[in-house]
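For the sequence shown, the residue numbers in the numbering used here are 32 to 306.
In this text, a Cβ means the ideal position worked out from N, Cα and C, and glycines have one as well.
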Amino acid sequence: MSDLKEVSIGSTKIIALKDGELNLPKEVLLNLNDEIQKNLEDETNKDLTLSNINAFLIQQDGKNLLIDAGCRDLFGPTCGFILDELKKVNVQPNEVTDIFFTHLHPDHVGGAISKDGIPVFPNAAVKVLSKEIDFWNSDDFDDVDVNGKDFANLAKSVLKSYGEKVVSLGPDAEIIKNVHVVSLPGHTPGHAGFRVDDGSNTFMHLGDILHTPNLQLSDPNISLVFDVDTDQGLKTRKRLFDMVCNEKILCTGGHMLTPKFGYIEKSGLGYKFDG
Ligand SMILES: [Zn+2]
Numbered sequence: 032m033s034d035l036k037e038v039s040i041g042s043t044k045i046i047a048l049k050d051g052e053l054n055l056p057k058e059v060l061l062n063l064n065d066e067i068q069k070n071l072e073d074e075t076n077k078d079l080t081l082s083n084i085n086a087f088l089i090q091q092d093g094k095n096l097l098i099d100a101g102c103r104d105l106f107g108p109t110c111g112f113i114l115d116e117l118k119k120v121n122v123q124p125n126e127v128t129d130i131f132f133t134h135l136h137p138d139h140v141g142g143a144i145s146k147d148g149i150p151v152f153p154n155a156a157v158k159v160l161s162k163e164i165d166f167w168n169s170d171d172f173d174d175v176d177v178n179g180k181d182f183a184n185l186a187k188s189v190l191k192s193y194g195e196k197v198v199s200l201g202p203d204a205e206i207i208k209n210v211h212v213v214s215l216p217g218h219t220p221g222h223a224g225f226r227v228d229d230g231s232n233t234f235m236h237l238g239d240i241l242h243t244p245n246l247q248l249s250d251p252n253i254s255l256v257f258d259v260d261t262d263q264g265l266k267t268r269k270r271l272f273d274m275v276c277n278e279k280i281l282c283t284g285g286h287m288l289t290p291k292f293g294y295i296e297k298s299g300l301g302y303k304f305d306g
């Protein structure tokens, strides 16, 4: 197993930035079969629910494109390290030229603003699918923990703090040269990954189609309560797993563990990630 944190696709460099890690409570998991239910009761299997919160830096032609911004202090002391990660690769926050949010959930946008709502990356153009902006800007949210008013208020604060720097994108728009949106509806309405194409080389970020790789690769039917539309999320997950598997596309995702980059391959009734 390699510990590769950086890959290049032609002249485009993709660097994984780990914002943090946490074990998700098993209550957020849906569609568990009896065997997995039982395994989850056993404390020694706690890696099954391990998740990482990842951001990525894409460097190309003088651009520093940040993919997602981590969660700041919203999920406790094991997360919120994006600025330390950027420092390790010698990039200052004011040198980030572009940000692409795969979607506007707190673990992807929290790190983009300070507690007082000040932009952390003041020079960045902030790119998001227009469908995602419209969804979170509505006033139609209940006072619930997941996908409710708190999530919407944070999304609205981030959009407001970047103001005119926000650029709304169509479902297959170019983010920067050679980097295109891949629309992945289900997790949220405007949820997306992206692909990098350079010559014959392709790389794909699968967004949040999976949160607990140790469970969802071997059993893609497992979903999480964070999906706005669980059925559509499930269809998108299976479609993308098949696609990157059949086309042998190097990939990563918003919650991949180590290794960050690898190939999804068929394994038994499910899949495995080979880094
Ligand atoms: Zn996420």
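{"Check": "Using only CA atoms, which one of 126, 69, 101 lies nearest to residue 93?", "Outcome": "126"}
{"Check": "CB-CB under 6 Å to residue 199, same chain, minus the five flanking residues each way: which ones, in chain order?", "Outcome": "161, 164"}
{"Check": "Could you tell me the distance, in whole angstroms, from the CA atom of residue 279 to the CA atom of residue 287?", "Outcome": "17 Å"}
{"Check": "Taking all protein chains shown into account, decide if residue 159 is buried (16 or more other Cβ within 10 angstroms of its Cβ) or exposed.", "Outcome": "buried"}
{"Check": "Would residue 224 and residue 241 qualify as a contact pair, given that the criterion is a beta-carbon distance under 8 Å?", "Outcome": "no"}
{"Check": "Take residue 306 as the anchor and find which of 230, 244, 91, 67 has the nearest alpha-carbon.", "Outcome": "244"}
{"Check": "How big is the Cα-Cα spacing for residue 231 and residue 210?", "Outcome": "14 Å"}
{"Check": "What do you reckon, are the CB atoms on residue 139 and residue 218 nearer than 8 Å?", "Outcome": "no"}
{"Check": "Going by C-alpha distance, which of 43, 260, 88, 41 is nearest residue 49?", "Outcome": "88"}
{"Check": "Short check: CB of residue 172 to CB of residue 97, under 8 Å?", "Outcome": "no"}
{"Check": "Can you list, in chain order, the stretches of the beta strand (DSSP E) that have 3 or more residues and sit fully within the stretch 163-235?", "Outcome": "197-200, 205-207, 210-214, 223-229"}
{"Check": "Tell me where the beta strand (DSSP E) around residue 91 begins and ends.", "Outcome": "81-91"}
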